[in-house]
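Chemist: Below is one structure. I have some questions about it.
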């Protein structure tokens, strides 16, 4: 019965194409997964967090949010292997997406998975409130979706996987010639604490929708930092699954 319920869920989400996708996921034959109406396939790595991430995004539809507008630009911070970006670009074909991902193997898969989408660009950086810093990528032992970033001098526990450079949202706005951002999606494994502690004034009030997953269990103070920052502006708060959603009431559907 459970088998049939899971199969039904895939068919309900993807139509009859869901039968093929269901068996690919079940037996981890995931080198060539095609979504209905998607121009190119993507790959999910076997025995990794890629599989639950796929379920969260496409079956549980954690990014199925009533925005009230068609986004023209999305920042996907903590892009992992690109599944959220693929979801967004199939839902909003005309949007441009900047993906930020710091971890080597994730970034390699990200580039592979989105190469068929000319409106998705990838940046191998860590999102931060300070631009151009060199920081450490820490393996927290939680799989491919659990890498954390930390200033090297603050490093206490774990294994340093690599060092890399930070990028800030104001830098991205300058790079893409933006005066505002339609959607900022953030899933950066605790680095949101520093992101919202300072230097958010130039981008947060110019953001129409903020989607964020908090990680206080990894880095205490993430929630406090976020809510202190957003409370300075007129955001409407809701949540879906693990994501908190903030819609900017000061930027109506016609604001660009």
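Residue numbers (this note's numbering): 1292 to 1547. For each residue, glycine too, the CB sits at the ideal point set by N, CA and C. Treat the numbers as computed from the prediction; the structure is a model and nothing was measured.
#1: Return the chain-ordered list of same chain residues with a C-beta closer than 8 Å to the C-beta of residue 1532, the five sequence neighbours on each side being excluded.
#2: Would residue 1412 and residue 1389 qualify as a contact pair, given that the criterion is a beta-carbon distance under 8 Å?
#3: Is the region 1477–1486 close to the region 1510–1525, with three or more CB pairs under 8 Å?
#4: Can you find the residues in the same chain that come closer than 6 Å, C-beta to C-beta, to residue 1527, ignoring five residues on each side of it along the sequence?
#5: For residue 1398, does the count of other Cβ atoms within 10 angstroms reach 16, so buried, or fall short, so exposed?
#6: Can you give me the C-alpha to C-alpha distance between residue 1475 and residue 1366, rounded to a whole angstrom?
#7: Skipping 5 residues on each side, what residues in its chain have a beta carbon closer than 6 Å to that of residue 1303?
#8: Quick one: complete beta strand (DSSP E) runs, 3+ long, within the region 1342–1403?
#9: What's the C-alpha gap between residue 1378 and residue 1349?
#10: Report the option in 1500, 1487, 1301 whose CA atom is closest to the CA atom of residue 1471.
#11: What is the DSSP secondary structure of residue 1537, reduced to helix, strand or coil?
#12: Based on the DSSP output, what are the partners of residue 1476 in its beta bridges?
#13: Between the Cα of residue 1503 and those of 1328, 1487, 1364, spot the shortest distance and give me the residue it belongs to.
#14: Please classify residue 1393 as buried or exposed, where buried requires at least 16 neighbouring CB atoms within 10 angstroms.
#15: Can you give me the Cβ contacts of residue 1322 inside the same chain, cut-off strictly under 7 Å, excluding the 5 residues immediately before and after it?
#16: Assign residue 1492 to one of three DSSP states: helix, strand, or coil.
#17: Count the other CB atoms, across all protein chains shown, that sit within 10 Å of the CB of residue 1294; report buried if there are 16 or more and exposed otherwise.
#18: Rounded to whole angstroms, what is the Cα-Cα separation between residue 1423 and residue 1400?
#19: Do you know offhand how far residue 1416's Cα is from residue 1337's?
#20: Would you give the residue range spanned by the alpha helix (DSSP H) that residue 1412 belongs to?
Modeler: This is what the structure gives:
#1: Indexing the chain shown from 1 puts residue 1532 at position 241. Closer than 8 Å at Cβ, skipping near neighbours: 1347, 1351, 1353.
#2: Within the chain shown, the letter at position 121 stands for residue 1412. Within the chain shown, the letter at position 98 stands for residue 1389. Yes, Cβ-Cβ distance for residue 1412 and residue 1389 is below 8 Å.
#3: yes
#4: Taking the chain shown and counting its residues from 1, one reaches residue 1527 at position 236. Cβ within range, chain order: 1538, 1540.
#5: Within the chain shown, residue 1398 is the residue found at index 107, counting from 1. Answer is buried; the Cβ neighbour count reaches 16.
#6: Position 184 of the chain shown, counting from 1, holds the residue named residue 1475. Position 75 of the chain shown, counting from 1, holds the residue named residue 1366. In a straight line, the C-alpha of residue 1475 is about 5 Å away from that of residue 1366.
#7: Indexing the chain shown from 1 puts residue 1303 at position 12. Excluding positions up to five away in sequence, the list is empty.
#8: 1364–1368, 1387–1391
#9: Looking up residue 1378 in the chain shown gives position 87. Looking up residue 1349 in the chain shown gives position 58. Taking the straight line from one Cα to the other gives about 7 Å.
#10: Counting from one through the chain shown, the residue named residue 1471 turns up at place 180. The shortest Cα separation from residue 1471 among 1500, 1487, 1301 belongs to 1500.
#11: For the purposes of this step, residue 1537 is taken as the residue at position 246 of the chain shown. The answer is strand: DSSP assigns residue 1537 an E or B state.
#12: Translated into the one-based positions of the chain shown, residue 1476 becomes position 185. DSSP lists 1367, 1502 as partners of residue 1476.
#13: Here residue 1503 refers to the residue found at position 212 when the chain shown is read from its first residue. Here the closest residue by C-alpha is 1487.
#14: Position 102 of the chain shown holds residue 1393. Buried.
#15: As a first step, residue 1322 must be located in the chain shown, where it is residue number 31. Cβ neighbours of residue 1322 beyond the five flanking positions: 1334.
#16: For the purposes of this step, residue 1492 is taken as residue 201 along the chain shown, with counting starting at 1. It is coil, neither helix nor strand.
#17: Translated into positions along the chain shown, residue 1294 becomes position 3. So residue 1294 counts as exposed.
#18: As a first step, residue 1423 is located in the chain shown; it is residue number 132 there, counting from the start. As a first step, residue 1400 is located in the chain shown; it is residue number 109 there, counting from the start. Each residue's alpha carbon lies about 24 Å from the other.
#19: As a working note, residue 1416 is residue 125 in the chain shown. As a working note, residue 1337 is residue 46 in the chain shown. Rounded to the nearest angstrom, the two C-alpha atoms are 25 Å apart.
#20: Here residue 1412 refers to the residue found at position 121 of the chain shown. Here residue 1412 belongs to no alpha helix (DSSP H); instead the beta strand (DSSP E) covers 1411–1414.
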